[in-house]
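See below for the structure under consideration.
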Amino acid sequence: MAVNFDIQLKRSNKVYREGDTIAGVVVIDTSTDVKHEGVFMTIEGTVDLQISAQNVGAFDAFYNSVKPVQLMMCSLEIARAGRFPSGITEIPFEAPVMPLLNKVLYESYHGVFINVQYLLKAVIKRNFLNKDIHKTLEFVVENNPCLNMMPSKVDKFVINQNTLANVNDNSNIPKFHIVGSINSVICSIMQPFTGEMKIEHSDIPIKSIDVQLVRVETCGCAEGFSKDATEIQNIQVAEGNVSTGISIPIYMIFPRLFSCSTTKTTNFKIEFEVNVSVIFVDDHLVTENFPITLYR
Amino acid sequence: MSLSSARTYEWNWYSKPIINHKRKQKCKLEKCGVYHPLKSLTEVTSKNVLVNDPLSSTITYGDDPLSRPAQLIPADFDETDNGCIDAIQPWSHFKQSILNSYTTSEKLSFHAFSKSLQSATIRSRLEELEEFDDQMEYSGKELYDLTQQEFVTHMDNLGKEIIEAWNNEQRVKALKIVIQCTKILSYTSPLQFYPSKFVLVTNLLDLFGDLVFKRLQSKSEMIDGCVTRLPDEFTLDMVPDAAKETCQNWFFKIASIRELIPRLYIEAAILRSYRFIKPAEQNAALLRLIKMVRGIGNPLVAWYVRCYLCRIGVSTNLSVNYFEESFKDILLTYKQLNNRFVCKEIQTQNMNMEKFLQLLCPALEWIVKGLSAGKDPHSLDEIVRWCTLQNLHGLLINSIVITFPGNYLSMKAEYLINVIDKWEYDVFPQTLVIQNLGMSLRGHFVPNASNVFREAWKMVNKVKDSERFMACAEAWIYFIVKHFKNKEISVFMDDITRHLSNRVGIERFHTQLHNILQHLLNYIEDFEDTFHMNYLLPYLDMFGSDTNKSAICKTVLEAYRTRGENVASSDPVINDSLMYMCKILHDSVDSLTVQDEVRQISRLIACFIFRVDYGNDLEKYLNFYMEARGAFIRLDYVQSALVQCVNKLMVLSISVSRAQVKNSFARACSAYCYITIPSITSPLIKLQLYILTGQTSLLNGCLGQADACLKAASIVISDFPATLEVDGLVINAEPILVSYTKQMLSILLVVPDCPDLEVLHQVKLLIRAIRQYSWTDPMQPHMLYLFVLDILATATLDTYPYRIPDVDSNDVLYGREPQFVADVDSICTVVLDNILERLYSLVDKPNSQTKLAFELLLHVVVRADLNEIQMATLAVNLWKLSKKNKMIMDPKIEEKMITYIREFCENEEDEIYHKFINKITGKPIGSSIKEQ
C-alpha cells in the first residue's frame, strides 16, 4: 500500500533565477492502484527572521520573533482527482519564478537568524480514510549575475606589535611584523577570496594562520535592530612556524549554502567579513578584520 | 638336427686357416669411405700427434658458455639515458625503497577514526566502552602505542574501509577517513618513520582520488539511463550536468576543510577530477597548491607535500612546470632548515641534524630528478648555480649528485668535488656526497679523472669512520677501474688495506670488500697484471679465517677462469698465490657442502691446473701435479683432471723425444695415474681413466703398467653399479658399460701377451668380468660374447688391422703359431658354447632367440672356417633356427643381412661358402649338407 512520492526538477543543480521557469515532474511510485483527490503544489519563498537573545533578552526574543515575509507564492493543481495505476506515474509541472507584488526575490541563504528559503511543496490529497502525502523540496534562487563588473579594491595591511588595539602595555609584547594584501574586498561570490601575506619578522614562533569568514546578520523590527556576527568557516592558510620573508597565499572559496550576495533591505541585512588571525605558540591571537562585499 | 642335443664343446670353434689377400683388403678402413668417424682418430694415433686430445681440451678452456656465470657478462653501463621525460623514475620503485629504508622501532600514535583501529594492548579496556556506544564510533580518538607493523596493518585496513564505505554509498564517511589519515602527516614524530608514513598515507590518497574519478566517470557514462562509454580523452561537453554538479560538490566540500595539510593533500588527490568541470583548472590549481605549501612551517612536512604534488603533476600529465616551482620554493625556504625552532624540535625527538637532513633526501631527490629530466646542460648548470648560492648546500648538492644524468655529472665532476671540498660547517656528511657521486659516475668517462679522484680520495682518507670509508671505497671502485691503471689501483687497494688493518670488527665490511675485489677483477683493463700486484694477498688477509677467505678466493678464481687466459702461467709467484687460494677453496669443502658448490669449486681448481704451464719441462709438470694431488685430495673432479693431465704429459713425452730416458719418465707418470685413480669414487670415471692410462702406457711401451691398468679396468667392469648418477639424473649404466667393454676389447687386441701368463689372459679377464657382472638384461652378456668372438677371431690373423708403433702385438710375438691358434680356438669354443646355451634357454622367447641366432650366424659365417664340417653344420642350423619364426624380424633388415652374407660368401674362394649361400637362398635344405 506504500506510495513513494518524489519531486524531480529538470535542473540537477536546482538553481533558478528570477524570470526562469521552474519545471519538473512529480513521481508517484505505487504497487497498487491508488485513489486520490487531486495533486497540488505550492511554490513558496519566505524570509524568516529571528531576533537573537543577546540583543533583546530571551523573553523579548520569544515574543518578538518577526513574522516571516513571503516573497513568492504560487499554487498549482497538477492532477485532478482520480486514480493512479500501479507502477510509476510521472506528472510534469511548470511555473514561473516570479516575486509577489512589490517584493524582491532575495538569494537563498541559510544563516543563524536569517533564512531565505524557497520550497516546492507537493501534496496528494486523499479521502478522509487516508492521510495526505506530502513532499517538500528546496530549490535555490540566485541573483542574476552582475553584468557591469564591480570595481576591485585592494586592501593592504600591516600587523605589528604597535597596531594592536586592545592592549594596555605595549612593552612586554614580543616583536613581530606581518605585511599582506587582500586582492579585493569586493568579491564575486563565484571567485575565491585571495590575497597573500608575508611574515617579515616574529620573535616567537607562529602556530597557525587562519582565515575566518564571518557573517553579520542584522534584523530590524519595531523595537529596534539586532546585529550578530557568527563564524561561517575557518580556513587554515599556514600551519607551524612558517618561513619568514616569503609570501603565503590566502585562498578561500565561499561556501555555497552559507553565503550569498551582500543583501541590505529595510527589514534585514546580510553582510560578510573576513578575519585574518595569526596564532602564536603561546596561544596569543592577533586578528585583522576586513569587511567585504559579495556580489554575484 | 635339433639344438636340444647341444652339449658341452659339441661345436668346436675353428678359426679361418688362410689369410687371403682379398680378405685383408676387406679389413682395411678404406672400404668405409673417407668420412668414417673412426678414421681420423686412428690416423692421429698412428702419427703420434695426440696434442689436441679432445677429451682434455673440452675441460681446459674455461669458456664453456653454459658454465659462465651470469654476473660476469659486462652490463652496458656506458649506455647513457636519453634524457627524455620518461626518465623520471617510476614512483613505485621509489616507494618501495623508502619503505625499506625508513623504519622505526618507536611507538606510533594515531588519531583513530574507526572502530577497528585499536592497538591490541588497549583494545580489551576499550571494548566495553565501545560496545554500548556505537554511535560514538566515529568521534576522533587517539591511539597510542602502535608498533610499526600494527601501524602498517592499520593503514591497510583503512584502505579497505574506504573502499567498503565508498561502495556502501557512504562517501562522506570515506572522505572523513581520508581526512583523518592525512592529518597523520601533520605529526612528524617519530621522525625516522616519516617518509614511510608519507608513502603509506599517499597510497590511500591515490586510492581515494581514483575512487572519486571513477565514480564521476561512471556518472558521466549514465545519460538518460543508457550507458555510453566515455572516451579517455573526453571533453567537457560530453559530461552531463549531474556529473558536473557532483564534481563541483566534491571540490566545495574539500575547500571547506579547516586544516591546511589535509586540504592540500586531498585536493591534490582529486585534482584529476577537475577535468569534469574545468580542465584548465588542473594546471592553475596545481600551481596554487604548490604556493600554498609555503604555509607549512615544518620543512619535513612541506617537502614531502611538494613531492606529492609533483607526483600528482606527473600522473595527471600536466604541462606546467611544477617541478621548477616546487624546487624554487624549496630554495626560498631553505634557510628554514637551520631555523632554531626546527633545530629545537629535532633535538626534542632525539635526533641529530645530520640524520634529519637525510630524511629529507627521498622527497628532494624525487623533485630534483623530475626537474633535471630532459634538461640540457645549460639549464642544469643553472640549477647547480641556484643550489650553490644557498648556505650549507650539502643536502642540495647531494640530490644533484644522485639524480642528475651521469654524463652531465662526469663533465662537472671536478667542479663538484671542489664545491664539496669547501664545506666547513655543513652538517651534511661530505663522504656521503662523495659516495653518491662515485655511484653516479659509474660507467661514465670523466675528464681529468686523476684530479677528481685525488681530491675526492683526500677527503675520504680523512674520515675516521670505517663504515663511511668503506661505503666510499665501494662506490668509487667503478670509477677507478674505468679510469686508472694498475699503479693507482694498487695505491687504492693499499689504502683500503691500511685503513682497515688493526681495526676491530672487519667482518662487517666483508661484503663490501668482496664487492670491490669482484668488480676490480671483472672490469680491470689488464687483468694479467693483477696477480703481479702486491696488494692481493694482504687484501685477502683482511678476511681473517680461511672460511671467510674461501668466498673471496672463489671470486678471484672465477675471474681468473673467465678472464685469465693470458695470465703468464709459468710465473712461480702467480702460481704460488693461485695455488694458495685454491687450497683455501679446497679446504672449505666439507661433507656439508652442496654438491653444486663442490662442482663449481672443482671446476675452478681444475681450470687453474690446466692453465699451469712449464713449457717443455715435463719433470716440473709432474712435480706440480704431485703437489696438487696432495693438496686437492677431497675433490674427485680435480683428481681425474690431474690424471688426464698426466696422461697428456705421457703423450707429450713421446713427441718431445724418443730417448730411452723418457721411458722411465712415462713409467713414473703411469704409476702416478695408477695410484691416483683408485681414490676416485665414480666407477665410470675410474673406468675411463684406467682405459686411457692403459692406452697411453701402451703408447709409451710401458707394458707392465698397461697390463695393470687394463686388469684394473676389468675389475671395475665386474663391479660396475647398475645405475649411474650424472648431473642429478639417474641413468641406466648398462649401455655405457657395453660401449666401454667394446672399446676395451678392441684395445686388448694390440696388447701383447705377458710371457709368464697364459695366452690372451687379458681377454680372459674381461670375459670373466662380463660374466660376473649382474646384467639386468640377460641377453646383454651374450651379445658382448659375439664381439669377443670377433676379437678372438681377429687375434688369429697373421697381421692385425691396427697396431701401436714400437710395440709388438701378438701377431708378431706368436706369428700365428699353431698352439696359439688352438688356444684361441678353445677360448672361442667356450664362448660359443655359452652363447648356444643361452640360445637353447630362449625357446619360449622366439623373438630374442631368432635375433640371437641370426647374429651368431653372421659371426660364424664371417669369422669361423666353414670348411670345418662342425662350423658349417652350425651355420645351417642357425639359419634354420632363425627362419623358424619368420614374421618376427623386420623384413628390410633381414634382407640386408642376407644380402651381406651372400656378398661375403660370393667373395670367398672356398667352395663351401658358395654351397652355403646356395643353400640358404632357396635350394632345398635337406640335401646340401649331406652332399658334403
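First to last, the protein sequences are chains W and D.
Residue numbers for the first sequence, in my numbering: 35 to 330.
Residue numbers for the second sequence, in my numbering: 139 to 1070.
We put the CB at the ideal spot given by N, CA and C, even for glycine.
Just so we're clear, the structure is a prediction, and the values are computed from it rather than from any experiment.
* **Chain-order list of residues whose beta-carbon lies under 6 Å from that of residue 530(D) (same chain, five-residue window excluded)** => Position 392 of the second sequence, counting from 1, holds the residue named residue 530(D). Within the same chain, residue 530(D) has close Cβ partners 564.
* Asked: Would you call the segment 205–223 of chain W and the segment 179–192 of chain W in contact, with 3 or more CB pairs under 8 Å?
  -> yes
* Minimum C-alpha distance to residue 231(D) - residue among 665(D), 1010(D), 500(D) and 771(D) -> Start at 1 with the first residue of the second sequence, and residue 231(D) comes out as number 93. Of the candidates 665(D), 1010(D), 500(D) and 771(D), the one whose C-alpha sits nearest the C-alpha of residue 231(D) is 500(D).
* Asked: Does DSSP put residue 1006(D) in a helix, in a strand, or in coil?
  -> Counting from 1 along the second sequence, the entry for residue 1006(D) is found at position 868. Of the three classes helix, strand and coil, the one that applies to residue 1006(D) here is coil, per DSSP.
* To do: Please say whether residue 168(W) and residue 155(W) have beta carbons closer to each other than 8 Å?
  => Looking up residue 155(W) in the first sequence gives position 121. Looking up residue 168(W) in the first sequence gives position 134. Taking 8 Å as the Cβ cut-off, residue 155(W) and residue 168(W) qualify as a contacting pair.
* Asked: Closer than 9 Å, Cβ to any Cβ of chain W: which residues of the segment 425–439 of chain D, in chain order?
  -> 426, 429, 430, 432, 433, 434, 435, 436, 437 and 439
* Sequence-distant residues of the same chain with beta carbon closer than 8 Å to residue 297(D), five excluded per side -> The residue labelled residue 297(D) in the question sits at position 159 within the second sequence. So the list reads 341, 342 and 345, once near-sequence residues are dropped.
* Asked: Can you name the start and end residues of the alpha helix (DSSP H) that residue 322(D) belongs to?
  -> Here residue 322(D) refers to the residue found at position 184 when the second sequence is read from its first residue. Run containing residue 322(D): 309–322, per the alpha helix (DSSP H) assignment.
* Between the CA atoms of residue 378(D) and residue 2(W) - distance to the nearest angstrom -> Examination of residue 2(W) is not possible in this model, given that chain W is present from 35 through 330 alone.
* **C-alpha gap between residue 300(D) and residue 311(D), whole angstroms** => In the second sequence, the residue the question calls residue 300(D) occupies position 162. In the second sequence, the residue the question calls residue 311(D) occupies position 173. Each residue's alpha carbon lies about 8 Å from the other.
* So, is the C-beta of residue 396(D) closer than 8 Å to a C-beta in chain W? -> Locating residue 396(D) in the second sequence gives position 258, counting from the first residue. Taking Cβ atoms only, chain W reaches closer than 8 Å to residue 396(D), which makes this a yes.
* Provide the residue span of the beta strand (DSSP E) that contains residue 461(D), from first to last. => The residue given as residue 461(D) occupies position 323 in the second sequence. Counting along the chain, residue 461(D) falls outside any beta strand (DSSP E), though it belongs to the alpha helix (DSSP H) covering 460–470.
* To do: Report yes if the CB atom of residue 659(D) is closer than 8 Å to the CB atom of residue 697(D), and no otherwise.
  => Numbered from its first residue, the second sequence carries residue 659(D) at position 521. Numbered from its first residue, the second sequence carries residue 697(D) at position 559. Closer than 8 Å, so yes.
* Taking the alpha-carbon positions, what's the residue 852(D) to residue 932(D) distance? -> The count along the second sequence starts at 1 and reaches residue 852(D) at position 714. The count along the second sequence starts at 1 and reaches residue 932(D) at position 794. Each residue's alpha carbon lies about 20 Å from the other.
* Output yes if chain D places a C-beta closer than 8 Å to the C-beta of residue 273(W); else output no. => Position 239 of the first sequence holds residue 273(W). For residue 273(W), the answer is yes, since a Cβ of chain D falls inside 8 Å of its Cβ.
* Look at residue 319(W) and residue 293(W) and say whether their C-beta atoms are less than 8 Å apart. => Locating residue 319(W) in the first sequence gives position 285, counting from the first residue. Locating residue 293(W) in the first sequence gives position 259, counting from the first residue. No, the Cβ-Cβ distance between residue 319(W) and residue 293(W) is not below 8 Å.
* To do: In the DSSP assignment, find the alpha helix (DSSP H) that holds residue 607(D) and state where it starts and stops.
  => The count along the second sequence starts at 1 and reaches residue 607(D) at position 469. Unbroken alpha helix (DSSP H) run through residue 607(D): 604–621.
* Among 525(D), 420(D) and 326(D), which residue has its Cα nearest to the Cα of residue 488(D)? -> Position 350 of the second sequence, counted from the first residue, corresponds to residue 488(D). That would be 326(D), whose Cα lies nearest to the Cα of residue 488(D).
* Which residue's Cα is closest to the Cα of residue 623(D): 664(D), 336(D) and 1054(D)? -> In the second sequence, counting from the first residue as 1, residue 623(D) sits at position 485. If we check each option's Cα against that of residue 623(D), 664(D) comes out closest.
* Taking 8 Å as the CB-CB cut-off, is residue 310(W) touching chain D? -> Counting from one through the first sequence, the residue named residue 310(W) turns up at place 276. Not an interface residue.
* Should residue 523(D) be labelled buried (16 or more other beta-carbon atoms within 10 Å of its own) or exposed? -> Position 385 of the second sequence, counted from the first residue, corresponds to residue 523(D). Residue 523(D) should be labelled exposed.
* Asked: Does the segment 723–731 of chain D come close enough to the segment 757–764 of chain D to have 3 or more Cβ pairs within less than 8 Å?
  -> no
* Asked: Quick one: any contact between the segment 442–458 of chain D and the segment 470–490 of chain D, if contact means 3 or more CB pairs under 8 Å?
  -> no
* residue 926(D) versus residue 1001(D): straight-line alpha-carbon distance, rounded -> For the purposes of this step, residue 926(D) is identified with residue 788 of the second sequence, where counting begins at 1. For the purposes of this step, residue 1001(D) is identified with residue 863 of the second sequence, where counting begins at 1. So the alpha carbons of these two residues sit roughly 11 Å apart.
* Skipping 5 residues on each side, what residues in its chain have a beta carbon closer than 7 Å to that of residue 124(W)? -> Along the first sequence, read from residue 1 onward, the residue named residue 124(W) stands at position 90. If we look at residue 124(W) and ignore the five residues flanking it on each side, its Cβ neighbours are 59 and 61.
* Asked: Any Cβ of chain D within less than 8 Å of the Cβ of residue 126(W)?
  -> Working through the first sequence from its first residue, we reach residue 126(W) at position 92. Not an interface residue.
* Any chance the CB of residue 731(D) is under 7 Å from a heavy atom of the ligand HEM? -> Ligands displayed in this structure: none; no statement on the ligand HEM is therefore possible.
* Proximity below 8 Å, CB of residue 942(D) to CB of residue 999(D) -> Translated into the one-based positions of the second sequence, residue 942(D) becomes position 804. Translated into the one-based positions of the second sequence, residue 999(D) becomes position 861. No.
* To do: Anything in chain D within Cβ reach of residue 289(W), meaning under 9 Å, just list it in chain order.
  => Here residue 289(W) corresponds to residue number 255 of the first sequence, with the count starting at 1. Result: 390, 393 and 394.
* Give a yes or no on contact between the segment 245–254 of chain W and the segment 384–400 of chain D, applying the rule of three or more CB pairs nearer than 8 Å. => no
* Using a beta-carbon distance below 8 Å, is residue 206(W) in contact with chain D? -> Here residue 206(W) corresponds to residue number 172 of the first sequence, with the count starting at 1. Chain D contact via Cβ: absent.
* Asked: Taking Cβ-Cβ distances shorter than 7 Å, what residues in chain W pair up with residue 471(D)?
  -> The count along the second sequence starts at 1 and reaches residue 471(D) at position 333. Correct list: 277 and 280.
* To do: Run down chain W in chain order and give the residues with a C-beta less than 7 Å from the C-beta of residue 479(D).
  => Working through the second sequence from its first residue, we reach residue 479(D) at position 341. Simply 239 and 275.
* May I have the straight-line CA-CA distance separating residue 946(D) from residue 980(D), to the nearest angstrom? => Within the second sequence, numbered from 1, the residue matching residue 946(D) stands at position 808. Within the second sequence, numbered from 1, the residue matching residue 980(D) stands at position 842. Their backbone Cα atoms lie some 42 Å apart in a straight line.
* Looking only at C-alpha atoms, which of 874(D), 637(D), 511(D) and 616(D) sits nearest to residue 603(D)? -> Residue numbering aside, residue 603(D) sits at position 465 when the second sequence is read from its first letter. The candidate whose alpha carbon is nearest that of residue 603(D) is 637(D).
* What are the residues that DSSP puts in a beta bridge with residue 167(W)? -> Stepping through the first sequence from its first residue, residue 167(W) is reached at position 133. Answer by DSSP bridge pairing, in chain order: 158(W).
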